[in-house]
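J.: Residue numbering for the sequence shown follows the UniProt record's numbering, beginning at 1 and increasing consecutively.
By construction, the Cβ of each residue, glycine as well, lies at the ideal position given by its N, Cα and C atoms.
Shown below is the structure under consideration.
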Amino acid sequence: MGGSVATLHVQAQQLNEDSIRRVIAGTGSDSVRVLALLTLGNYQLKHKMQDSIGLHTLEEGLGLAGRIRFRQGIAQGLMIKGSYYNSKHQLAQSLDAYDEMMQVAEDIPNDSIRNRLQMMAYNNVGGIYNDNGDFRNSLMYRLKALALVEKYTPGNYTNLAIVYLNIASDYRQLKMPAKALEYLDKTTAFFPKLNERLKMEYYYEYYHNYLASGKAVVAKAMLGTIEEGLRTFNLSDFQKKDYALMLAKLNGIFQLEYDRNYPRALQYYQRYEALARELKLKTEITESLYRIGETQLAAGNIPAAIASLQQSYNMAAANGFKHQLMKAELLLADAHKKNGNATEANNLLEKAMAQRAEIYNEHAVKELAFAEAQYQSEKKKAEIAALTLANTEKALKIARRDRLLLAGSLITGLLLLVVAWFYNSNNRRRKDAERAEKEQQKQIVFLERQQQVVSLQSMINGQETERTRIAKDLHDGLGGLFSTIKMHLSTLQHEVQDLRSYPLFTRSYELVNDASDEVRRIAHNMMPEVLIRIGLVPAVRELCNSINAGKLLQVKLQDYGMEERLQAATEIMLYRIIQELLNNIMKHSQATEAVIQFNRENNQLSITVEDNGCGFNVDADSGSGRAGLESVKSRVNYLNGSLSIDSQQQIGTTVMMVFLINH
């Protein structure tokens, strides 16, 4: 059993990339191929660390997007480029990619996609400035992002909250905590609607700003709020440990620096160290040992402090943590001085001063590199502006020459021009009328599309409402009735012992029991409780398990980056799509194996459903399963997604869907 599971796991890991490559090589739409190329390139760069291969794949996707004028694909590719270059500290290339992304996004006709991409570009550029200590420019770009969100998507509370949080962080680092708290408080009206991970991030930002504002009592109460969130929120195991680590550290700092409760601070720091070791975070282990030594020194336990600080020092030296090494040297020097060892204290102070000079030089080099990146970015903008100006001046010179030629022609051809003027006037009026008619037709088409979207939304919402009502009626009404019948039959067979010997009674009891189970199964399929309670992936996993129990079809589920839940309406829609595709596989494909894969990278979610069945003709207008596929297409369109179907006779079918989702 163990061997087969390992084999399936390896195949699934390869299958995701293989499926994307089939979409790239297939005959689907070029826009879907662009998105598949970008997905593959991003995967190669971020997960496989294949820089040259990933950049080649990315450029291939950008080239195809340029040839078909798919501006959304170009913008998404440039965003991946900007993120990649930033991770490699190639800041000039990163800023250039984001600047180009903003320009490309300007020409995207879809307001929602255009504004979301521009908002992401501004926010990410702000992040580059923030990482390099330029909080004023970071704030400027974050405020530009906020202007877009507030103007075009004021109801998108997640985007609003993310930008508010970033702005608050910038203000805090600019030593303006009151202004930071003002932006944090803007979420008060919709804070309950935010996802739980984002709420935890807000709690931490509130805590730091309360401390910076001198509100220690309120800050301490916020630590209790963080602890309550850690206990009650539906977080992943990694998130729980990560937040617990930060909470232990903050509690230790507060007990040491504000309450002066050294035993309590030591308990928190020891908890901090244990979590850091469990998560194998070397920087946090080094920091926790330093904090323990700092507390022991403040409490007067000098030998214990020296031992803890020496461990922190050794770990910092072994891993090249220069800033932590300098801190450990300074505090160790103080501890040895208090212990009467002046020689060792002086040696450590000399090392700390040398370390400080080295850190300062590295910081200066980093600042110069960032300044150079800014200069190159601004220089490129200036060159583009100068080129545009030169082209404009050239056009003006040509226009002046043409006007002189025209003046000479006017002298010799006045009568002809008068006739031409009448002709052009009539022609212009005709063109204006045609243009007005075209604009009217465009408006009609736009309104028709809007009406289609509204109708589709109403239909789908109506279907889900009716499914929920029927499921509730089946479970509470018919299910309850069957339970009552079973109870009466059970009572009857206990009161009349002879009934057990009657085959008709026994068969009737079994049929009632089977009917009761079937009602519950139907109600569960119409609105599974696990989908509402804990999310999409567990609900799909339960659906796969129920299919696997039948032995005719084995379904494997793989998910990557799905720790955060999506919006409830989106989860329901995606569940229905998966449910419909699995129904089609079971009814029509004659498949024995199927694989479902969720892959979430930042704001992009790709879903692949693959089987080893008999395949079908994708281009056929009718046939078995066609109604189900039309339902899938409608739901994908409703979510503004793209759909690609690749099917080969006797080999199987691959369905790939790509969606842009909000963070």
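(1) Relative to the alpha-carbon of LEU639, which residue among ARG576, GLY613, ASN599, ASN583 has its alpha-carbon at the smallest distance?
(2) Select from SER606, PRO177, ASP611, ASP619 the residue whose C-alpha is nearest the C-alpha of VAL636.
(3) To the nearest angstrom, how far is the alpha carbon of MET562 from that of GLU601?
(4) Do you know whose CA, among ARG21, GLY229, ASP134, THR570, lies nearest PHE659's CA?
(5) Does the region 207-225 come into contact with the region 169-182, if we say contact requires no fewer than three beta-carbon pairs (one atom in each stretch) closer than 8 Å?
(6) At what residues does the beta strand (DSSP E) containing THR39 begin and finish?
(7) Does the separation of the CB atoms of SER642 and SER31 fall below 8 Å?
(8) According to DSSP, which residues form a beta bridge with GLN558?
(9) Measure the Cβ-Cβ separation of ALA335 and LEU309 and say whether it is below 8 Å.
(10) Compute the Euclidean distance between the alpha carbons of ASP51 and ASN583, then round it to the nearest angstrom.
(11) Compute the Euclidean distance between the alpha carbons of GLN311 and ASP131, then round it to the nearest angstrom.
(12) Expressed to the nearest angstrom, what Euclidean distance is found between the alpha-carbon atoms of HIS47 and GLY54?
(13) Check whether the Cβ atoms of ALA145 and ASN123 sit closer than 8 Å, and answer yes or no.
(14) Going by DSSP in three states, GLN604 sits in which element: helix, strand or coil?
(15) Sort GLY73, LEU553, LYS431 by Cα distance to GLU610 and report the nearest one.
(16) Reducing DSSP to helix, strand and coil, say where SER308 ends up.
(17) Per DSSP, what kind of secondary structure is SER52 in: helix, strand or coil?
(18) Ignore the nearest five residues each way along the sequence and tell me which others in SER213's own chain have a CB closer than 8 Å to its CB.
(19) Let me confirm a value: LEU37 is counted as buried when at least 16 other C-beta atoms fall within 10 Å, else exposed. Which label applies?
(20) Would you mind working out which of TYR98, ALA161, ALA25, PHE135 sits nearest TYR203, comparing C-alpha positions?
(21) If you run the structure through DSSP and keep just helix, strand and coil, what is ALA364?
(22) Using 8 Å as the cut-off, can you tell me whether the region 113-121 makes contact with the region 147-156, which would need three or more C-beta pairs spanning the two stretches below that distance?
(23) Look at the alpha carbon of GLN355 and the alpha carbon of LEU330, and state the distance between them as a whole number of angstroms.
(24) When you compare each of ALA298, TYR272, TYR560 to LYS241 by their alpha carbons, which one comes out closest?
(25) Quick one: which unbroken alpha helix (DSSP H) runs of 4-plus residues sit fully inside the region 166-245? Chain order, please.
(26) Reducing DSSP to helix, strand and coil, say where PHE254 ends up.
(27) Considering only DSSP beta bridges, list what GLN648 is partnered with.
(28) Got a sec, what are the start and stop residues for the alpha helix (DSSP H) GLY300 sits in?
(29) I'd like to confirm something about MET246: is its beta-carbon nearer than 7 Å to some heavy atom of the ligand ADP, or not?
(30) Could you check which residue in ASN115, HIS89, LEU91 has the C-alpha nearest to that of residue 739?
(31) Taking only the alpha-carbon atoms, compute the straight-line gap between ARG142 and SER644 and give it to the nearest angstrom.
(32) So what does DSSP say about PHE659, is it helix, strand or coil?
(33) Would you identify the three-state DSSP class for ASP611, choosing helix, strand or coil?
(34) To the nearest angstrom, how far is the alpha carbon of GLN567 from that of VAL540?
(35) Report the partner residues of LEU643 according to the DSSP bridge assignment.
(36) Taking the alpha helix (DSSP H) that MET101 falls in, what are its first and last residues?
T.: If we stick to the structure as given:
(1) ARG576
(2) SER606
(3) 9 Å
(4) THR570
(5) yes
(6) It is not in any beta strand (DSSP E) - THR39 instead sits in the alpha helix (DSSP H) that spans 30-46.
(7) yes
(8) GLN597
(9) yes
(10) 40 Å
(11) 29 Å
(12) 10 Å
(13) yes
(14) strand
(15) LEU553
(16) helix
(17) helix
(18) PRO177, ALA178, LEU181
(19) buried
(20) ALA161
(21) Residue confidence is low: ALA364 scores 46 on pLDDT, short of 50, so the model does not pin down where it sits. Its coordinate-derived value is still stated next. Correct three-state label for ALA364: helix.
(22) yes
(23) 10 Å
(24) TYR272
(25) 177-184, 196-212, 216-232
(26) helix
(27) GLY652
(28) It is not in any alpha helix (DSSP H) - GLY300 carries neither H nor E in the DSSP assignment.
(29) Here there are no bound small molecules, and the ligand ADP is not part of this structure.
(30) There is no way to answer for residue 739, as the model of the chain reaches only from 1 to 663.
(31) 36 Å
(32) strand
(33) strand
(34) 16 Å
(35) MET657
(36) 91-105
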